[in-house]
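These notes concern the structure reproduced below.
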Amino acid sequence: MAFYADTIEFHTKGEVDIKDITNDVVGIVKESGLNNGIACVFTPSSTSAITTIEYEPGLLRDLPDALEKLFPKKARYEHEMRWHDGNGHSHVRASFMSPSLSIPFVDGNPVLGTWQQIVFVELDNKARNRKLLVHLVGE
Amino acid sequence: MAFYADTIEFHTKGEVDIKDITNDVVGIVKESGLNNGIACVFTPSSTSAITTIEYEPGLLRDLPDALEKLFPKKARYEHEMRWHDGNGHSHVRASFMSPSLSIPFVDGNPVLGTWQQIVFVELDNKARNRKLLVHLVGE
Amino acid sequence: MAFYADTIEFHTKGEVDIKDITNDVVGIVKESGLNNGIACVFTPSSTSAITTIEYEPGLLRDLPDALEKLFPKKARYEHEMRWHDGNGHSHVRASFMSPSLSIPFVDGNPVLGTWQQIVFVELDNKARNRKLLVHLVGE
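Protein chains in written order, with our numbering: chain A, 194 to 332; chain B, 194 to 332; chain C, 194 to 332.
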């Protein structure tokens, strides 16, 4: 059993920028030399999320549309009343979507469905530099 | 410290078929011979999810009702405009609900609440064969 | 590689009581003596959730407001028709939000964003005693 850690860094364009980070995670599992285990992908942020999706242009519009319908940017947020940074909706969306995703890997590869990619979802209302953690445990 | 992996396979009836997989996960932890650790249950799919729920007939209707209210099947999805497979809502629901669940186990048993079962949620619009991964790390 | 486990116990005031458990998790990682790994925080319950949020008074109102808008307490729940315990909405909210959160730690500290705290969200309609599990794997 061993532990391995690395990070993924990139720039985002603000909301709702959805980044396909599958190849980054695949690369980190390969570099680790581990064959089988669990990979934890985490965004140390309260205005972004990690999930999986079929990364195709239709859904890259449907996911933001659903977020806007469920947590409208123009709704009243007490966060906005206090801090005036315009991202109350970003925080609420992030708490629902989760900053963390754990993915099994087998024979040196994360096991994903055919149409399933690992994505970072930028929920903040401005462009950001992001640094994700990828922690592996396995053998 | 050791690693152990197994899979769970079953057939679903299409949306929204909710399967109680608690006994499968309990069985895998027992077979592993591990006493204490973390179990990661993952669905390699972009149209299904893993969560927990009190598995009783009322909630087996309430969860689908909430999904339909929040992400209606008949809404417009760009995914549908491009691919015409009728499951745009399935993908968006799955990205919100998460394909992954990590559960602690103690003395050879997953630690769950009295009214808490581990469930697979089929969100796709057709019957599917599913194969979940269960990866354990512990001692 | 080693495994370490501890629990966090507290009392809640009922819905929607949001508890900042960051210091508890930080303390458990320190006591473990582990430097780098993954921490899994889990609530063994079908009416509560674990997530992260910026723990400030505005968002402590915005998150409950969003929950009420998306899963209204007064809506019809089949769970209520059968069990009459008044918490159908609590169960549905919990299944969406997830009972589990995995967080990487580095140099003996969970890695969180500047404005990101780990929180327990009480979704049940009454005051409860809660006991969370925190399971660590790492080195």
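Ideal Cβ positions, reconstructed from N, Cα and C, are used throughout, including at glycine. Keep in mind the model is a prediction, meaning the values are calculated, not measured.
Residues of chain A whose Cβ lies closer than 8 angstroms to the Cβ of glycine 220(C) do not exist; the shortest such Cβ separation is about 19 angstroms.
The beta carbon of asparagine 318(B) sits closer than 7 angstroms to those of Gly207, Glu208, Gly279, Asn280 and Ser283, all from its chain and outside the five residues before and after it, given in chain order. Within the DSSP bridge table, the entry for threonine 244(B) names Val312(B) as partners. If you check the CB distance, threonine 236(B) and glycine 306(A) come in under 9 angstroms. Taking C-beta atoms under 8 angstroms as the contact rule, leucine 263(B) and leucine 253(A) fail to qualify, at a distance of about 19 angstroms. With its beta carbon at least 9 angstroms from every one in chain C, threonine 236(B) lies outside the interface.
Neighbours of threonine 244(B) in chain C, taken as residues whose beta carbon is under 7 angstroms from its own, are Ser288 and Ser291 in chain order. In this structure, the alpha-carbon of aspartate 258(C) lies about 27 angstroms from that of leucine 316(B). Around the beta carbon of glycine 331(B), 16 or more other beta carbons lie within 10 angstroms, which makes this residue buried.
Valine 304(C) reaches chain A at Phe235, Pro237 and Leu326, counting residues in chain order whose Cβ is nearer than 8 angstroms. Residue burial annotation: proline 265(B) is exposed, with fewer than 16 other C-beta atoms found within 10 angstroms of its C-beta. Classified as buried, glutamate 247(C) has 16 or more neighbouring CB atoms from the shown chains inside 10 Å of its CB. Within the DSSP secondary-structure output, arginine 323(B) pairs in a beta bridge with Phe203(B).
Looking at the backbone, the Cα of leucine 325(C) and that of glutamate 261(B) are separated by about 31 angstroms.
Here the C-alpha atom of proline 303(C) lies approximately 7 angstroms from the C-alpha atom of valine 222(C).
In chain order, Gln310 and Ile311 place their CB closer than 6 angstroms to the CB of threonine 215(C), counting only its own chain and leaving out the 5 sequence neighbours on each side.
Between phenylalanine 298(A) and glycine 230(A), the gap from beta carbon to beta carbon is short of 9 angstroms.
The beta-carbon of histidine 204(B) is placed no less than 9 angstroms from the nearest beta-carbon of chain A. Closest by C-alpha distance to phenylalanine 313(C), out of His277(C), Ala287(C), Arg275(C) and Glu273(C), is Ala287(C). Looking only at Asp255(A), Asp213(A) and Asn228(A), the smallest Cα-Cα distance to threonine 244(A) is reached by Asp213(A).
If you compare the alpha carbons of Val327(A), Arg321(A) and His328(A) with that of serine 239(A), the shortest gap goes to Arg321(A). Interface residue (Cβ-Cβ distance to chain B less than 9 angstroms): serine 295(C) is classified as such.
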